[in-house]
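Asks: Taken in order, these protein sequences are the chains called A and B.
If you count by my numbering, then the first sequence holds residues 1 to 348, one letter each, in order.
If you count by my numbering, then the second sequence holds residues 1 to 354, one letter each, in order.
Virtual Cβ for every residue (Gly too), placed ideally from N, Cα, C.
The model shown is predicted, which means the values in this text are computed figures rather than measured ones.
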Amino acid sequence: MEVRHVYRWDLDKTYLRTDFDTLRGLLRAAREKASAKVNVAGSRALVRALQERPGARVAIISGSPRQMRRKLEEKFRLDGVEIDELVLKPNVENIVRGRFRAIRDQVGYKLPALLEGRSRVPSTASETLFGDDAEADAFVYSLYADIVEHRISAAQLSPILELCGVYDDDAERALRFASNLPMGPPIERIFIHLDGYSPPARFEAYGRRVVPIYNYFQAAILLLLDGHIGPGAIVRLAVELTQGYGYSLVSLANSFQDLVRRGLARAEDLGAIRLAFEAHAALIEKLRPASEVVQAFVDRLKMVSGMKPARVRDEAPIDYLAILGREGPPNTWRRRRRPKPRRRDLPF
Amino acid sequence: MPPPTIAFDAMGGEFAPTEIVRGAARLSLETDLDIILVGDAPRLAALLGGMRHNAERIALHHAPQWIRPEENAAEALDAKPDGSLLQAARLVASGQADALVTAGPTRALLLACDRTMRLLPGTEKAALAAVFPTELRRGEKDDPFSLVLDVGASLEASGADLVRFALMGASYARVISKNPVPRVALLSGGAELEWEHPAILAAHAHLERLAGIEYLGRIEGHLIPRGTADVVVTSGTVGAVVMRMLEGMAQTVLDLARYAYHERLSWRLGFTMVAGALQQLKRLTDWEEYGGAPLLGFDRVVIRADPRSGARAIANAGKVAAKAVAHQVPGAIADRLHLHAFGEGFERGRAAEG
């Protein structure tokens, strides 16, 4: 079947709960068995739901080393998830070639990989992207989306890559793919899983396409409204979150209220969720009777009735150079230190 | 058991709503409490959007009005039925939230609770408590503070009120500090009985024969910081004056130290050498560490944070509220008051028979 929609996922902190902030965490991630790897709450259920859509393709681009391929493929098998494309980072090659900057580099690795992946699908295929707030996913994905939509030319891309500190050969690859890429439909959404609870406002510079989410229930609501998943999928996800990951009905209702407050969903969208819960009442019974579940959502909505949702910003082009000027090269974003405490006049 | 839900009056306090939202955001990352921020929702949402927080644990409750400290509390509550404090109190009274935390004006808090909640049977007045850091530690938890009440909920207190305050304070100390037999004292102006306020004399006579607490008698103000008593009972006006004075003195000491630090190099060196010990002392006497103190006497948990509260104090006030909910403080107080009322009735009956 022809590919109609591509769901591109990052792996660590987006699909899998991985700790790569410490050396110990990195070593553990490399050594642990496939069965020991833990999913981000709801990621498996969501990928499975997305796969049910005819013409869907799931691609994963990860910064994990290529040596982990077999383990990761086994993990996907255990999850019952079929991955159409799994791209891993050539870390060993980078070390052998003395390209140490590339080990941390996100843009020089991910952007060419995304563009290469794009060249393998029909130009009519639309896309939804999933990343996290640990590194520079919002930046790389937005850049990729703008290239696909022909909002950024190769000439504009070049200084951006230079400021990102991308190696020349990686930049050349990215520019080559970008120049040859036929214009595609807009990238629908870029979901950023707030694994580190980054302030959502941090992503405002990337426009409305980038959607920071606290959990995959929020993503599922928007994907349900966009017609990517069916009502059964959102109910299954809600049940999985509550039964397997310690979520409560209140936290799900709060998640919906958060979307409404941020102007990402409307109060009227509760109708679609209500229909989903009522249509799958037997499934949701595992959590609570459907009417109670819906009531919890209604109660949370009532709390903000009369409140105008956040103002939707005019869609202005993303100023990547300004972002880089403000925040520095993306490979430094993860280890950015907290501001030093203010000096006090007294030592106590 | 699901985690307690804490309703914060996000518009109350000198640094509201920013510091209240920051405190709640912090709490959402540190604990599994459910939080409801009551206030000007668009403003709160904008603030939240700019800070690290867990949106799964925070709901906003829109309240388009709020009470300012300079307003007359009763008139403001009448004029602003959708005020943040009143709405937060309603959420708690209706069971949608388990506890209320506010750094708003005391009088308005008292009236809001009075209009929405019920006083516990056997209580005629609520008492606002405050914690004061002390030399001595107490209870299973080694708590380094004593409880002073009432510090401003009511202007006057009768002897019977003071006895009830003592019982409420002792119940609180028993469940929160895990102090099985709290030492209770009445705050007194001096040792001479003839100069004592009649209400204190009446309470003194009553408390002396009360079981279940260790009554120390009347103590003077200078013994509060020493920690002689775990629960210090007084009337609202006196309590408020005493607490403000003690806090002011602590601040003066710090200001003097700051002055001295800048005055001479040798003094600066001396301060630097004892900086560790002074830091420890500062931590111990830091009111923000204790977050807030309870308003006792209502059938719901109500915690009042200092109006100057910053994010840390607000987060800690939330934790105090959660602890009070978990230990069912109003229930424990109600049980103690019930027991007391029963004892009183029994005594009266026996006296009548005799």
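In whole angstroms, what separates the C-alpha of residue 307/A from that of residue 262/B?
Replies: Taking the first sequence and counting its residues from 1, the one referred to as residue 307/A is at position 307. Taking the second sequence and counting its residues from 1, the one referred to as residue 262/B is at position 262. Their Cα atoms are separated by approximately 51 Å.
Asks: With burial defined as no fewer than 16 other Cβ atoms inside 10 Å of the residue's Cβ, what is the status of residue 332/A: buried or exposed?
Replies: To locate residue 332/A, count along the first sequence from 1; it is residue 332. Burial call: exposed.
Asks: Since residue 34/B is in the beta strand (DSSP E), which residue starts that stretch and which ends it?
Replies: As a first step, residue 34/B is located in the second sequence; it is residue number 34 there, counting from the start. Where residue 34/B is concerned, the enclosing beta strand (DSSP E) stretches over 34–39.
Asks: Using CA atoms only, rank isn't needed, just tell me which of 227/A, 50/A and 195/A is closest to residue 18/A.
Replies: Sequence index remark: in the first sequence, residue 18/A carries index 18 (1-based). Looking at the Cα atoms, 195/A is the closest of the given residues.
Asks: State the CB to CB distance for the pair residue 81/A and residue 48/A, rounded to an integer number of angstroms; the pair is presumed to be in contact (CB under 8 Å).
Replies: As a position in the first sequence, residue 81/A is number 81, starting the count at 1. As a position in the first sequence, residue 48/A is number 48, starting the count at 1. Contact holds; Cβ gap of about 6 Å.
Asks: Output the distance between the C-alpha atoms of residue 103/B and residue 293/B, rounded to the nearest integer angstrom.
Replies: Numbered from its first residue, the second sequence carries residue 103/B at position 103. Numbered from its first residue, the second sequence carries residue 293/B at position 293. Going by the C-alpha atoms only, they are around 10 Å apart.
Asks: Whose Cβ in chain B lies nearer than 8 Å to the Cβ of residue 254/A?
Replies: On the first sequence, position 254 is the one that residue 254/A refers to. By Cβ distance, chain B contributes 34, 55, 56, 57, 58 and 59.
Asks: Determine, using beta carbons only, whether residue 329/B and residue 243/B come nearer to each other than 8 Å.
Replies: In the second sequence, the residue the question calls residue 329/B occupies position 329. In the second sequence, the residue the question calls residue 243/B occupies position 243. Against a cut-off of 8 Å, the Cβ pair of residue 243/B and residue 329/B comes out as no contact.
Asks: Residues of the stretch 197–209 of chain A with a CB closer than 9 Å to any CB of chain B: list them in chain order, please.
Replies: Under the 9 Å Cβ criterion, the stretch 197–209 of chain A contributes 197, 198, 199, 200, 201, 202 and 204.
Asks: Does chain B have any CB closer than 8 Å to the CB of residue 258/A?
Replies: Taking the first residue of the first sequence as 1, we reach residue 258/A at position 258. Yes, residue 258/A counts as interfacial toward chain B.
Asks: In chain A, which residues lie less than 7 Å from residue 2/B when you measure between Cβ atoms?
Replies: What you label residue 2/B is simply residue 2 of the second sequence in a count that begins at 1. Per Cβ cutoff of 7 Å: 248.
Asks: Residues in the same chain with beta-carbon distance under 7 Å from residue 35/A, minus the five sequence neighbours each way, listed in chain order, please.
Replies: Along the first sequence, read from residue 1 onward, the residue named residue 35/A stands at position 35. Within the same chain, residue 35/A has close Cβ partners 78.
Asks: Could you check the C-alpha separation between residue 343/A and residue 279/B for me, to the nearest Å?
Replies: One-based indexing of the first sequence puts residue 343/A at position 343. One-based indexing of the second sequence puts residue 279/B at position 279. Bear in mind that a pLDDT of 42 at residue 343/A, under 50, signals an unreliable position, so the model cannot answer this.
Asks: Suppose contacts are defined by Cβ-Cβ distances below 8 Å. Is residue 115/B in contact with residue 73/B by that definition?
Replies: Here residue 115/B corresponds to residue number 115 of the second sequence, with the count starting at 1. Here residue 73/B corresponds to residue number 73 of the second sequence, with the count starting at 1. No.
Asks: Can you list, in chain order, the residues of its chain whose CB lies under 8 Å from that of residue 175/A, leaving out five sequence neighbours each side?
Replies: Here residue 175/A refers to the residue found at position 175 when the first sequence is read from its first residue. 154, 157, 158 and 161, listed in sequence order.
Asks: Residues of the stretch 297–324 of chain A in Cβ contact with chain B at a cutoff of 8 Å, in chain order, please.
Replies: Within the stretch 297–324 of chain A, the qualifying residues are 299, 300, 303, 304, 305, 306, 307, 308 and 310.
Asks: Nearest by alpha-carbon distance to residue 89/A: which of 10/A, 188/A, 328/A and 76/A is it?
Replies: Sequence index remark: in the first sequence, residue 89/A carries index 89 (1-based). The shortest C-alpha separation from residue 89/A is found at 10/A.
Asks: Is it true that the stretch 251–262 of chain B meets the stretch 162–172 of chain B, where meeting means three or more beta-carbon pairs spaced less than 8 Å apart?
Replies: As far as the Cβ criterion goes, the stretch 251–262 of chain B does not touch the stretch 162–172 of chain B, which means the pair count is below three.
Asks: Using a threshold of 8 Å, state whether the C-beta atoms of residue 310/B and residue 344/B are closer than that.
Replies: Counting from one through the second sequence, the residue named residue 310/B turns up at place 310. Counting from one through the second sequence, the residue named residue 344/B turns up at place 344. Result no, Cβ atoms of residue 310/B and residue 344/B do not sit closer than 8 Å.
Asks: Could you list the residues in the stretch 28–52 of chain B with a C-beta less than 7 Å from some C-beta on chain A, going in chain order?
Replies: Listed in sequence order: 29, 34, 41, 42, 45, 49, 50, 51 and 52.
Asks: In chain order, what residues of the same chain have a beta carbon less than 6 Å from the beta carbon of residue 86/A, not counting five sequence neighbours either side?
Replies: Here residue 86/A is taken as the residue at index 86 of the first sequence, counted from 1. The answer, listed in chain order, is 60.
Asks: Determine the burial state of residue 67/A: buried for a count of at least 16 other Cβ atoms within 10 Å of its Cβ, exposed for fewer.
Replies: Start at 1 with the first residue of the first sequence, and residue 67/A comes out as number 67. By the 10 Å Cβ count, residue 67/A comes out exposed.
Asks: Please classify residue 66/B as buried or exposed, where buried requires at least 16 neighbouring CB atoms within 10 angstroms.
Replies: In the second sequence, the residue the question calls residue 66/B occupies position 66. By the neighbour-count rule (16 or more Cβ atoms within 10 Å), residue 66/B is buried.
Asks: Between 200/A, 178/A and 208/A, which has its C-alpha nearest residue 189/A's C-alpha?
Replies: Within the first sequence, the letter at position 189 stands for residue 189/A. Answer by Cα proximity: 208/A.
Asks: Less than 8 Å between the CB atoms is what I'm expecting for residue 127/B and residue 297/B, so what's the real figure, rounded?
Replies: Here residue 127/B corresponds to residue number 127 of the second sequence, with the count starting at 1. Here residue 297/B corresponds to residue number 297 of the second sequence, with the count starting at 1. Right, their Cβ atoms sit about 6 Å apart.
Asks: Indicate the three-state DSSP secondary structure (helix, strand or coil) for residue 400/B in the structure shown.
Replies: Here chain B covers residues 1 to 354 and nothing more, so residue 400/B does not appear.
Asks: Do residue 277/A and residue 294/A count as a contact pair if the criterion is CB distance below 8 Å?
Replies: Here residue 294/A refers to the residue found at position 294 when the first sequence is read from its first residue. Here residue 277/A refers to the residue found at position 277 when the first sequence is read from its first residue. Their beta carbons are under 8 Å apart, which means residue 294/A touches residue 277/A by this criterion.
Asks: Please work out which residues of its chain come closer than 7 Å, Cβ to Cβ, to residue 297/A, disregarding the five sequence neighbours upstream and downstream, and give them in chain order.
Replies: Locating residue 297/A in the first sequence gives position 297, where the first residue counts as 1. Result list for residue 297/A: 253, 256, 270 and 273, in chain order.
Asks: Judging by CA-CA distance, which residue of 144/A, 230/A and 165/A is the nearest neighbour of residue 330/A?
Replies: Working through the first sequence from its first residue, we reach residue 330/A at position 330. The shortest C-alpha separation from residue 330/A is found at 165/A.
Asks: CA-CA distance, residue 144/A and residue 68/B?
Replies: In the first sequence, residue 144/A corresponds to position 144, counting from 1. In the second sequence, residue 68/B corresponds to position 68, counting from 1. Spanning the two alpha carbons is a distance of roughly 50 Å.
Asks: Does the distance from the C-beta atom of residue 31/B to that of residue 97/B stay below 8 Å?
Replies: Residue 31/B sits at position 31 when you count from the first residue of the second sequence. Residue 97/B sits at position 97 when you count from the first residue of the second sequence. Taking 8 Å as the Cβ cut-off, residue 31/B and residue 97/B do not qualify as a contacting pair.
Asks: Report buried or exposed for residue 339/A, applying the criterion of at least 16 other Cβ atoms within 10 angstroms of its Cβ.
Replies: Counted from its first residue, the first sequence places residue 339/A at position 339. The predicted model places residue 339/A with a pLDDT of 46, which falls under 50 and marks its position as unreliable, so this point remains unresolved.
Asks: For a quick check, are the C-beta atoms of residue 275/A and residue 309/A less than 8 Å apart?
Replies: The residue labelled residue 275/A in the question sits at position 275 within the first sequence. The residue labelled residue 309/A in the question sits at position 309 within the first sequence. It is not a contact, given that the beta carbons lie outside the stated cut-off.
Asks: Between the stretch 314–328 of chain A and the stretch 5–19 of chain B, do three or more beta carbon pairs fall short of 8 Å?
Replies: They do not touch, by the three-pair rule.
Asks: Leaving out five residues before and five after residue 41/B in sequence, what residues of the same chain have Cβ atoms less than 7 Å from its Cβ?
Replies: Residue mapping note: residue 41/B aligns to position 41 of the second sequence, counting from 1. The residues are 60 and 62.
Asks: Which value, in whole angstroms, describes the spacing of the CA atoms of residue 27/A and residue 308/B?
Replies: In the first sequence, counting from the first residue as 1, residue 27/A sits at position 27. In the second sequence, counting from the first residue as 1, residue 308/B sits at position 308. If you take the alpha carbons of residue 27/A and residue 308/B, they lie about 46 Å apart.
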